[in-house]
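Some notes on the structure that comes next.
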Amino acid sequence: MYLEIKDLTVLYDRAMVLNGVSLTVGKGEFVSLVGPNGAGKTTLLRAIAGLVKWEKDTLKGTRAGRITLEGSVKFDGEEVTNLPAHEIVRRGLILCPERGRPFREMTVLDNLRAGAFGCKDKKVVKENLERVYHLFPRLKERENQISGTLSGGERFMLTIGRAMMSQPKLFMIDEPSVGLAPKVKEDLFARVKEIYEQGSTILMTEQDVSFAFDLAGRNYVISKGHLVGEGTAEDLLADESLRKTYLGL
Ligand SMILES: Nc1ncnc2c1ncn2[C@@H]1O[C@H](COP(=O)(O)OP(=O)(O)OP(=O)(O)O)[C@@H](O)[C@H]1O
Ligand SMILES: [Mg+2]
9 MYLEIKDLTV
19 LYDRAMVLNG
29 VSLTVGKGEF
39 VSLVGPNGAG
49 KTTLLRAIAG
59 LVKWEKDTLK
69 GTRAGRITLE
79 GSVKFDGEEV
89 TNLPAHEIVR
99 RGLILCPERG
109 RPFREMTVLD
119 NLRAGAFGCK
129 DKKVVKENLE
139 RVYHLFPRLK
149 ERENQISGTL
159 SGGERFMLTI
169 GRAMMSQPKL
179 FMIDEPSVGL
189 APKVKEDLFA
199 RVKEIYEQGS
209 TILMTEQDVS
219 FAFDLAGRNY
229 VISKGHLVGE
239 GTAEDLLADE
249 SLRKTYLGL
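So that you can map any letter, position 202 of the sequence shown is 210 in my numbering, and since no number is skipped, the others follow by simple counting.
Take a look at the structure:
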């Protein structure tokens, strides 16, 4: 398996946010993780990206710092659980954070260039920039605008674009549809689909079950830090109790 997570457990103080989560993503697969507010979706992606470990290390000794992180994350055959976050980025595991968080004081173009910081080949950077602009013409139009003044939808496009600049091997997208107007959501849906069809491997979290199920080939359902279901949209929708209790359908 490309990404293999085994028994991942995260506790903040004594609150168990992830409870022995195991999941896999194959190369070229589009996998979704759906669940309600506070289920642990963002925490799972942040743990994979090395950010929970970073938080644990930086907050050590403070009252907020009682964080427990257990289990294993393997990527492309290599254990990455205990690597620092920048090493995980270098291996191509890229997180596109919730609600889009570009560097607000920088222009759109500088944000995109910042995404390519690990790439020394100017030609490749230029090609990637063209690819991002082709996918999101709106960003091209606004390349000299200060990012803090973008709309919510544009900000998320920029965050996806910035992540694409770092040539992800596995692209983790955290709740792309949250807070977007239906029209913007629809457009973003098409863009995410296009990114996948260009040959990416994607792990995406969502609260919007239909947004997730229409994109992903396989899905996990998470509730209160536990995985409660796994399968194709068809499998999951056929399970009545799952549908009622966890998918809100
Ligand atoms: N750094 C932290 N310190 C303490 N508790 C945290 C921390 N990060 C997350 N939590 C708690 O962990 C739980 C899961 O949060 P998480 O952000 O992973 O949920 P989520 O599924 O992404 O929800 P949403 O759909 O609202 O984004 C929440 O109860 C949250 O308050
Ligand atoms: Mg979240």
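Beta carbons: idealized from backbone N, C-alpha and C, even for Gly.
Predicted model, so just to flag it, every value in this text is computed and none were measured.
heavy atom of ligand 2 below 6 angstroms from Thr76 C-beta: Position 68 of the sequence shown, counted from the first residue, corresponds to residue 76. Checking the Cβ of Thr76 against ligand 2 gives no.
request  = Pick out the complete beta strand (DSSP E) segments inside the region 103-159, 3 residues or longer, and give them in chain order.
outcome  = none
* Inspect the beta-carbon positions of Phe38 and Tyr204 and report whether they are closer than 7 angstroms. => As a position in the sequence shown, residue 38 is number 30, starting the count at 1. As a position in the sequence shown, residue 204 is number 196, starting the count at 1. Yes, the Cβ-Cβ distance between Phe38 and Tyr204 is below 7 angstroms.
Margin query: Please state the DSSP three-state secondary structure of Tyr10.
Written below: Mapped onto the sequence shown, residue 10 falls at position 2. Reduced to three states, the DSSP call for Tyr10 is coil.
(request) Could you tell me which residues DSSP puts in a beta bridge with Glu214? (result) To locate residue 214, count along the sequence shown from 1; it is residue 206. Glu214 pairs with Val42.
Mind checking Glu95: buried by the 16 CB within 10 Å criterion, or exposed? As a position in the sequence shown, residue 95 is number 87, starting the count at 1. Its Cβ having fewer than 16 others within 10 Å, Glu95 is exposed.
Looking at C-alpha atoms only, which residue of Leu26, Gly237, Leu255 is the closest neighbour of Glu260? Here the chain has residues from 9 to 257 only, and residue 260 is not among them.
Practice task
Could you tell me how far apart the beta carbons of Gly43 and Ser231 are, in whole angstroms, since I believe they sit closer than 8 angstroms?
Solution key: Counting from 1 along the sequence shown, the entry for residue 43 is found at position 35. Counting from 1 along the sequence shown, the entry for residue 231 is found at position 223. With a Cβ gap of about 6 angstroms, Gly43 and Ser231 count as contacting.
* Rounded to whole angstroms, how far is the Cβ of Gly225 from the Cβ of Thr240, which I believe are closer than 8 angstroms? -> Counting from one through the sequence shown, the residue named residue 225 turns up at place 217. Counting from one through the sequence shown, the residue named residue 240 turns up at place 232. Contact flag correct, Cβ pair sits at about 7 angstroms.
ask   = Identify the residues that DSSP records as bridge partners of Gly239: which are they?
value = Residue 239 sits at position 231 when you count from the first residue of the sequence shown. DSSP, once it has assigned bridges, lists Asn227 as partnering Gly239.
Which residues does DSSP list as the beta-bridge partners of Ile181? Counted from its first residue, the sequence shown places residue 181 at position 173. Beta-bridge pairing links Ile181 to Cys104, Met212.
Looking only at its own chain, which residues have a Cβ that is under 8 angstroms from the Cβ of Gly126, when we skip the five neighbours before and after it? The sequence position of residue 126 within the sequence shown is 118, counting from 1. Closer than 8 angstroms at Cβ, skipping near neighbours: Val97, Arg98, Ser174.
Would you mind working out which of Val132, Ile154, Gly100 sits nearest Asp118, comparing C-alpha positions?
Counting from 1 along the sequence shown, the entry for residue 118 is found at position 110. Of the listed residues, the one whose Cα sits closest to Asp118 is Ile154.
Our contact map puts Leu143 next to Arg107 with C-beta atoms below 8 angstroms; I'd like the distance itself, whole angstroms only. To locate residue 143, count along the sequence shown from 1; it is residue 135. To locate residue 107, count along the sequence shown from 1; it is residue 99. Their Cβ separation, rounded to whole angstroms, is 20 angstroms, which puts Leu143 and Arg107 out of contact at 8 angstroms.
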